[in-house]
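See below for the structure under consideration.
Next up, the structure:
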């Protein structure tokens, strides 16, 4: 009896329907070199994808930031904004705040930067670290997500 109930409760490939009427599948970036970690839908209907670009000759990956239109066509790709790996993105007033990590081992740091709607860096990337005032030791806090709230951004 239990086996029969389980069979009735399972979805099949024919019974699963997409939540949206329209969708697309696109391959963006360079094969085996670009990896995505976060994607958001921008206010213009397009998408912003962040992650890392690995180059065989580089010791450390680069932030990868990709902007597409609403159909997934690439508008711009930025691979040279910051060493490290981008892990999170939020949109703020038409620009994008991107957070991630840079460095390796004990030298790893969280970093946040702002990119305008054309893919250019605005200002200087900000490095985030925590220092214990009693011992003078700097601790690495790994940035995992940026969230936008009513009073600003949380990292």
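Residue numbers (the numbering used here): 1 to 155. C-beta: ideal position from N, C-alpha, C; glycine also.
In three-state DSSP terms, what is residue i?
{"i": "residue 73", "result": "coil"}
{"i": "residue 78", "result": "strand"}
{"i": "residue 148", "result": "strand"}
{"i": "residue 38", "result": "strand"}
{"i": "residue 128", "result": "strand"}
{"i": "residue 5", "result": "Here residue 5 scores only 41 on pLDDT, less than 50, and its place in the model should not be relied on; the value that follows carries that caveat. DSSP places residue 5 in helix when its eight states are reduced to three."}
Figure out for me which residue from the options has the closest Cα to the Cα of residue i.
{"i": "residue 119", "options": "39, 69, 61, 77", "result": "77"}
{"i": "residue 27", "options": "79, 72, 147", "result": "72"}
{"i": "residue 128", "options": "91, 122, 94, 107", "result": "107"}
{"i": "residue 91", "options": "67, 82, 36", "result": "67"}
{"i": "residue 81", "options": "37, 59, 75, 115", "result": "115"}
{"i": "residue 167", "options": "34, 33, 50", "result": "Residue 167 cannot be examined here, being either before or after the span of the chain that is shown, 1 to 155."}
{"i": "residue 93", "options": "103, 65, 34, 122", "result": "122"}
I need the straight-line Cα distance from residue i to residue j, nearest angstrom please.
{"i": "residue 101", "j": "residue 110", "result": "4 Å"}
{"i": "residue 69", "j": "residue 98", "result": "19 Å"}
{"i": "residue 158", "j": "residue 125", "result": "For residue 158 there is no data in the structure shown, the boundaries of the chain being 1 and 155."}
{"i": "residue 190", "j": "residue 144", "result": "In this structure the chain extends from 1 to 155, so residue 190 is not present and cannot be described."}
{"i": "residue 150", "j": "residue 57", "result": "43 Å"}
{"i": "residue 39", "j": "residue 48", "result": "6 Å"}
{"i": "residue 54", "j": "residue 45", "result": "28 Å"}
{"i": "residue 146", "j": "residue 86", "result": "11 Å"}
{"i": "residue 43", "j": "residue 148", "result": "14 Å"}
{"i": "residue 117", "j": "residue 95", "result": "5 Å"}
{"i": "residue 59", "j": "residue 103", "result": "10 Å"}
{"i": "residue 6", "j": "residue 62", "result": "Confidence is the limiting factor: at residue 6 the pLDDT is only 42, short of 50, which leaves the residue's position unreliable, though a coordinate-based value still follows. Their backbone Cα atoms lie some 47 Å apart in a straight line."}
{"i": "residue 79", "j": "residue 64", "result": "5 Å"}
{"i": "residue 34", "j": "residue 52", "result": "6 Å"}
Under 6 Å: does the beta carbon of residue i sit that close to some heavy atom of the ligand NAP?
{"i": "residue 55", "result": "The ligand NAP is not part of this structure, which contains no ligands at all."}
Which parts of the region 44-124 are runs of the beta strand (DSSP E), unbroken and 3 residues or longer, counting only runs that do not cross its ends? The region 44-124 is shown to contain whole beta strand (DSSP E) runs of 3 or more residues at 47-53, 62-68, 74-78, 85-92, 95-102, 109-115, in chain order.
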